[in-house]
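Engineer:
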Amino acid sequence: MAFLHRHRWLTPYLLLLPGLAWLVVFFLVPMGYLGKTSLEKGLFPIFTFQWAWSNFHDAISLYHVQFVRSAEYAGAATVIALAISYPLAYWIAFRGGRWKNLFLLLVIAPFFVTYLIRTLAWETILSDDGVVVGTLRHLGILGSDGRLLATSVAVIAGITYNFLPFMVLPLYVSLEQIDARLIEAAQDLYASKARAFLRVTLPLSLPGVFAGTLLTFIPAAGDFINAQLLGTPRQYMIGNVIQSQFLAVRDYPSAASLSFVLMAAILIAVLVYARALGTERMTGMAAGR
Amino acid sequence: MTSAAATVAARPRGRAGWRALAFVRRNLLNVYALLALGYLFLPIAIVIAFSFNNPAGRFNYTWQGFTFKNWTSPFGFPGLRDSVVLSIEIALLSSLVATALGTLIALALVRYGFRGRGLVNLLIFVPMATPEIVMGASLLALFVSWHYAQGFMTILIAHIMFNISYVVVTVKARLVGFDRHLEEAAMDLGANEWTTFQKVTLPLIMPGILAGGLLAFALSVDDFVITYFNAGPKTTFPLFVWGAARVAVPPQINVIGTLIFVVAVGGMLVNVLFQNRRARSAA
Amino acid sequence: MTDQLTRRALIERAGVGAAALTIPAWLAACGGSGSKSAGTTGTSGSKTLAKTLVFSNWPLYIDVNEKTKKHPSLDQFTKQTGVKVKYIEDINDNDQFFGKIEGPLSQGQGIGRDIVVLTDSSGLPARMIQLGWVEKLDKAAIPNMKNLLPVQQHPNWDTNRDYSLPWQSGMTGIGYDPKKTGGELTSVEQLLSDKKLKGKVTLLTEFGDSIGLVMLANGDDPSNVTKAGFDKAVKTIKKAVDSGQIRQFTGNDYAPLLAKGDVWACFAWSGDMVQLQADHPGLKWNLPDSGGMIWTDNMLIPKGGNVFTASTYMNYYYTPKVAAEVEDYVNYICPVQGAAGVLKQSDPKVASNPLIFPTKKMLSNVHQIDAKAVNNQDYKKAFQALLQA
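Chains as they are written, first to last, in our numbering: chain A, 567 to 855; chain B, -18 to 264; chain C, 11 to 399.
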């Protein structure tokens, strides 16, 4: 303890060390291999390192449609997930009482049943001859031979459902921390319920919103399985392209360069987003806040 | 008073209708939360229902009739039980380790100034943005180059690796809103740093840590692509399900999913009830 | 014939054959790959059985006793030969499994398996032979090879069956609901262009199946793919995709859609239909008039596997009684002659199902996809582009 007192500067590095070491060895090093692969060219199984920067150019020019589509789907899913999750997280945080942890467990419960089985259940619910589609056709929202499965609606719905826990949990974590007395105080000062929410609760929950949207958008952008099972070729995302380039075509440089373009695009988007929301508050950049 | 009267006059609907509307408005949050939970559980209800299905063939796609026999022999397929056990073991271990490692990183990021924090943030975000297939295959390439046999350890290593980021982001959300004054107060009252951390900080950020752990558990128990590449001869529950799906989707899978869910919820319920009893007896 | 095979008899029998092969085998072993593999030791030429046979297969692809949760045929093998079988069900997709094993194999490492099972229509068995990643079978240890169905004896990618032996086969044809299609559906052209079926048709993501069936419908030969024939098939499929006729490209996830009525007609595998028809007897399956495809899951010995033990197991599997036992559970197409005869007595329903024991007429109307085409990078790219508009 005294040692740490004298060498205060060491503390953050010690805290970071185990986790970062794990990531460096088991993530960065493999990414290094991937980086080398992305600059190779050739035909399976022989690839030669050629500083092939053209791979990146090809990645964008050939597949920009899928890149944009992935951003759209992931964005839509994130917004919808936020709309569904915020009130739920709020309810658990403020009204959950002693049962809070139970509700959190319930939120991740769908993951105990594998993805395939969950999706089969959705295929049953959204079946062309099922109740949901029937009702929508009746109400005129869908054409008389309209369908929900094998459309972009199904794909976005699948992504949203899949990532709901990733939105609820961070939101809850942030909301639960808010002292209810602050809200009371605002109302004592004549703020309406809505005003109190907008001026007190919402700003205080922004770290949770930031975290939740990131945890949803980032992995959703690279998703492939929802488009594969619930979509037509016209819904295929960049994740599907990477999947097929890697497994079927076995063009590893192409898959690698596509992956790096995707990662770069996501990171740039995250940076812009963080700036927009005010980085210091969101990521605690300012030390000792 | 006048506004209420005006409202009544302005909405000459049937009293029942107006009352229902008022009920909804007052309980908007509750109704919304209930709907959201309903949405979350609709497919689960179908899964549970289909665990009682009695198909003649090997696919559990359409309702064929009610039976209990799936529940009396939930592990009727060889390899199924081992895959479930393995999945749970890996999920528990990996979420524990990842939560520990991730919490430490979150603490460092939020509370300390140090050189390279931008890089650290980058290193945390990039794994989440990486497509699973290249992450899994590259990790396998690493293990192969080390001549490190694939199996339990490689699955565990991979799961810890991808879980860390999610824990960091979740715990950070909690830490960022944390009121440092509480810690200052504790130290003013004579507590040293370690005691303050133990008695003040940790309990207050525990929901964040718990949430991160739950997220990691969920990710781990459902992971397919990365696990597939690094599992060697081992089979986890998702691997078994996806593999079997080519020729069969037995109702037993639904049974097991339901069982895991019921056991977890049951455990949690017992915990809450136990705490209630303790709180009441302490009062 | 080999019902009462004992270890001693096996070794004696093998010894006779080995005497003739010994010198060339030793030469091959000496001059061949010197790399010691991490998994099982390479043993071409050795005539002793290993203690364990490591067998990778697709899940639920071997007989299962649901009460004891064991595989009776494997237990019998252990009883007869003393070889324990480590049965691993980790193959669920050809490309994915290949992606898993190509790393170690390309670096000369073994993968710790004696037998793996891959589908010919994926082009991967052909590829692995080309790359030298498989061992030659010890044919002297597989006298039962003569029980192989004649139509399977000379595939174009392994003409003398030096490296592979079929495990199970399946046919690809048209699966449909006659009530929705308005009767029998025997034409791929109708599948792709009948407006009544718009949005209710799925094709397969499997290159061999989709391209193969469409080529046949266009009058081209899929076992000998030409650029013109391939392009024509792609154009035909693209037209159907663009018009909205084709709802999705699926793996075997067409099965729940067909069962629920979201899909009315699709390219379907015979084995799936057997299971679907158990619950939905109204569903039909037949080969298209223009011809269907047949694919085979083949047993291969990856480099580093124990050749003699693996070959011994293959010989055991090719006993009609054993093959019948496995067939009774798996219900795909059995490659072993004589199994039908055994099943006629024990399970006549299975023996008489043309989806499990196809008639001569059916077998004469099925084709295998040209492995060279499946492995052709340009064709692969073009097909994948179809799948992602």
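A virtual CB, placed ideally from N, CA and C, is assigned to each residue, including glycine.
Classify L59 of chain C as buried or exposed, calling it buried when 16 or more other Cβ atoms lie within 10 Å of its own Cβ.
Structural biologist: Start at 1 with the first residue of the third sequence, and residue 59 of chain C comes out as number 49. Buried: at least 16 other Cβ atoms inside 10 Å.
Engineer: Starting from the beta carbon of K270 of chain C, find every residue of chain B whose beta carbon is closer than 9 Å, and list them in chain order.
Structural biologist: On the third sequence, position 260 is the one that residue 270 of chain C refers to. Correct list: Y42, T43.
Engineer: Between A110 of chain B and G788 of chain A, how many whole angstroms is the CB-CB distance? I'm expecting something under 8 Å.
Structural biologist: Translated into positions along the second sequence, residue 110 of chain B becomes position 129. Translated into positions along the first sequence, residue 788 of chain A becomes position 222. Confirmed, about 7 Å.
Engineer: Please classify T236 of chain C: is it buried, with 16 or more other beta-carbons within 10 angstroms of its beta-carbon, or exposed?
Structural biologist: Mapped onto the third sequence, residue 236 of chain C falls at position 226. Label assigned to T236 of chain C: exposed.
Engineer: Taking all protein chains shown into account, do 16 or more other C-beta atoms lie within 10 angstroms of the C-beta of K46 of chain C, making it buried, or fewer, making it exposed?
Structural biologist: As a working mapping, residue 46 of chain C is identified with position 36 in the third sequence. Summary for K46 of chain C: the model assigns pLDDT 38, below 50, so the residue's position carries little reliability; its value from the coordinates is reported in the next sentence. With fewer than 16 other Cβ atoms within 10 Å, it is exposed.
Engineer: Which residues in chain A sit within 8 Å of W223 of chain B, going by Cβ to Cβ distance?
Structural biologist: Residue 223 of chain B sits at position 242 when you count from the first residue of the second sequence. Per Cβ cutoff of 8 Å: T680, L682.
Engineer: Count the other CB atoms within 10 Å of the CB of Q285 of chain C; is the residue buried (16 or more) or exposed (fewer)?
Structural biologist: As a position in the third sequence, residue 285 of chain C is number 275, starting the count at 1. Buried, by the Cβ-count rule.
Engineer: Determine the chain A residues that contact V251 of chain C at a beta-carbon separation under 7 Å, and present them in chain order.
Structural biologist: For the purposes of this step, residue 251 of chain C is identified with residue 241 of the third sequence, where counting begins at 1. Going along chain A in sequence order, the residues near V251 of chain C (Cβ under 7 Å) are P799.
Engineer: How many angstroms separate the CA atom of F33 of chain B from the CA atom of F49 of chain B?
Structural biologist: Position 52 of the second sequence, counting from 1, holds the residue named residue 33 of chain B. Position 68 of the second sequence, counting from 1, holds the residue named residue 49 of chain B. One C-alpha to the other measures close to 6 Å.
Engineer: Which runs of the beta strand (DSSP E) spanning at least 3 residues fall entirely within the region 241 to 267 of chain C, listed in chain order?
Structural biologist: Complete beta strand (DSSP E) runs here, min 3: 256 to 260.
Engineer: Is it true that the CB of V253 of chain B sits closer than 9 Å to the CB of L857 of chain A?
Structural biologist: The shown model of chain A, from 567 to 855, leaves out residue 857 of chain A, and the question about it has no answer.
Engineer: Within 9 Å (strictly less), CB to CB, does K390 of chain C reach chain B?
Structural biologist: Against the third sequence, residue 390 of chain C aligns to sequence position 380. It does not; no Cβ of chain B falls within 9 Å.
Engineer: Please decide whether Q398 of chain C counts as near chain B, where near means a Cβ-Cβ distance under 9 Å.
Structural biologist: Here residue 398 of chain C corresponds to residue number 388 of the third sequence, with the count starting at 1. Output row for Q398 of chain C: interface = no.
Engineer: Taking L609 of chain A as the query, report the chain B residues whose CB atoms sit under 7 Å from its CB, ordered along the chain.
Structural biologist: Indexing the first sequence from 1 puts residue 609 of chain A at position 43. What L609 of chain A touches in chain B: nothing, since even the nearest Cβ is about 18 Å away.
Engineer: What whole-angstrom Cβ distance do L682 of chain A and V222 of chain B have, given they're in contact under 8 Å?
Structural biologist: Numbered from its first residue, the first sequence carries residue 682 of chain A at position 116. Numbered from its first residue, the second sequence carries residue 222 of chain B at position 241. Contact flag correct, Cβ pair sits at about 6 Å.
Engineer: Mind checking if F49 of chain B is an interface residue toward chain C, Cβ cutoff 9 Å exclusive?
Structural biologist: Within the second sequence, numbered from 1, the residue matching residue 49 of chain B stands at position 68. No, no contact with chain C.
Engineer: Which residues mark the beginning and the end of the beta strand (DSSP E) in which V400 of chain C is found?
Structural biologist: Outside the displayed range of chain C (11 to 399) lies residue 400 of chain C, so it cannot be described from this structure.
Engineer: Would you mind reading off the limits of the alpha helix (DSSP H) that contains D289 of chain C?
Structural biologist: For this step, residue 289 of chain C is matched to residue 279 along the third sequence. Segment 280 to 289, the alpha helix (DSSP H) holding D289 of chain C.
Engineer: Per DSSP, what kind of secondary structure is W(-1) of chain B in: helix, strand or coil?
Structural biologist: Along the second sequence, one-based indexing puts residue -1 of chain B at 18. Helix, per DSSP.
Engineer: Entirely within the region 646 to 688 of chain A and at least 3 residues each: give me those beta strand (DSSP E) ranges in chain order.
Structural biologist: Listed in chain order, there is nothing to give.
Engineer: Of the residues C:S300, C:K359, C:Q117, which one's Cα is nearest the Cα of W127 of chain B?
Structural biologist: Residue 127 of chain B sits at position 146 when you count from the first residue of the second sequence. It is C:Q117.
Engineer: For A830 of chain A, which of B:L104, B:N35, B:Y20, B:F47 has the nearest alpha-carbon?
Structural biologist: The residue labelled residue 830 of chain A in the question sits at position 264 within the first sequence. Answer by Cα proximity: B:L104.
Engineer: Could you give the residue range of the alpha helix (DSSP H) that holds F134 of chain B?
Structural biologist: Position 153 of the second sequence, counted from the first residue, corresponds to residue 134 of chain B. The amino acid at residue 134 of chain B is misidentified as Phe; the sequence shows Met. Run containing M134 of chain B: 133 to 157, per the alpha helix (DSSP H) assignment.
Engineer: Between the C-alpha atoms of A61 of chain B and K77 of chain C, what's the straight-line distance to the nearest angstrom?
Structural biologist: Translated into positions along the second sequence, residue 61 of chain B becomes position 80. Translated into positions along the third sequence, residue 77 of chain C becomes position 67. Just to set this straight, residue 61 of chain B is Leu in the shown sequence, not Ala. Their Cα atoms are separated by approximately 13 Å.
Engineer: Which of helix, strand or coil does DSSP assign to L175 of chain C?
Structural biologist: Within the third sequence, residue 175 of chain C is the residue found at index 165, counting from 1. Note: L175 of chain C maps to strand in three-state DSSP.
Engineer: To the nearest whole angstrom, what separates the beta carbons of S718 of chain A and G797 of chain A, a pair I think is in contact under 8 Å?
Structural biologist: Here residue 718 of chain A is taken as the residue at index 152 of the first sequence, counted from 1. Here residue 797 of chain A is taken as the residue at index 231 of the first sequence, counted from 1. Contact holds; Cβ gap of about 7 Å.
Engineer: Quick one: what does DSSP say A48 of chain C is sitting in, helix, strand or coil?
Structural biologist: Position 38 of the third sequence, counted from the first residue, corresponds to residue 48 of chain C. With a pLDDT of 38 at A48 of chain C, under the threshold of 50, the predicted position of this residue should be treated as unreliable, though the coordinate-derived value follows. DSSP places A48 of chain C in coil when its eight states are reduced to three.
Engineer: Quick check: is the beta carbon of D204 of chain C nearer than 9 Å to any beta carbon in chain A?
Structural biologist: Your numbering for residue 204 of chain C matches position 194 in the third sequence. No, D204 of chain C lies away from the interface with chain A (no Cβ there is under 9 Å from its Cβ).
Engineer: Between which residues of its own chain and I646 of chain A is the CB-CB distance below 6 Å, once the five residues before and five after are set aside?
Structural biologist: Here residue 646 of chain A corresponds to residue number 80 of the first sequence, with the count starting at 1. Same-chain partners within the cutoff: T726.
Engineer: Check distances from the C-beta atoms of the region 614 to 638 of chain A to those of chain C and list, in chain order, the residues that come in under 8 Å.
Structural biologist: Answer set for the region 614 to 638 of chain A: Q632.
Engineer: Locate the beta strand (DSSP E) running through S220 of chain C, then write down its first and last residues.
Structural biologist: Position 210 of the third sequence, counted from the first residue, corresponds to residue 220 of chain C. Careful: S220 of chain C lies outside any beta strand (DSSP E), inside the alpha helix (DSSP H) at 217 to 227.
Engineer: Identify whether L581 of chain A lies in helix, strand or coil by the three-state DSSP scheme.
Structural biologist: Here residue 581 of chain A corresponds to residue number 15 of the first sequence, with the count starting at 1. It is helical.
Engineer: Mapping DSSP to helix, strand and coil, what is L61 of chain B?
Structural biologist: Locating residue 61 of chain B in the second sequence gives position 80, counting from the first residue. Three-state result, L61 of chain B: helix.
Engineer: Identify whether E76 of chain C lies in helix, strand or coil by the three-state DSSP scheme.
Structural biologist: Numbered from 1 along the third sequence, position 66 holds the residue referred to as residue 76 of chain C. E76 of chain C falls in the coil class under three-state DSSP.
Engineer: Rounded to whole angstroms, what is the Cα-Cα separation between V697 of chain A and I691 of chain A?
Structural biologist: Locating residue 697 of chain A in the first sequence gives position 131, counting from the first residue. Locating residue 691 of chain A in the first sequence gives position 125, counting from the first residue. So the two alpha carbons sit approximately 7 Å from each other.
Engineer: Specify, as a first and last residue, the run of the beta strand (DSSP E) that M303 of chain C falls within.
Structural biologist: If you number the third sequence from 1, residue 303 of chain C lands on position 293. Element bounds for M303 of chain C: 302 to 310.
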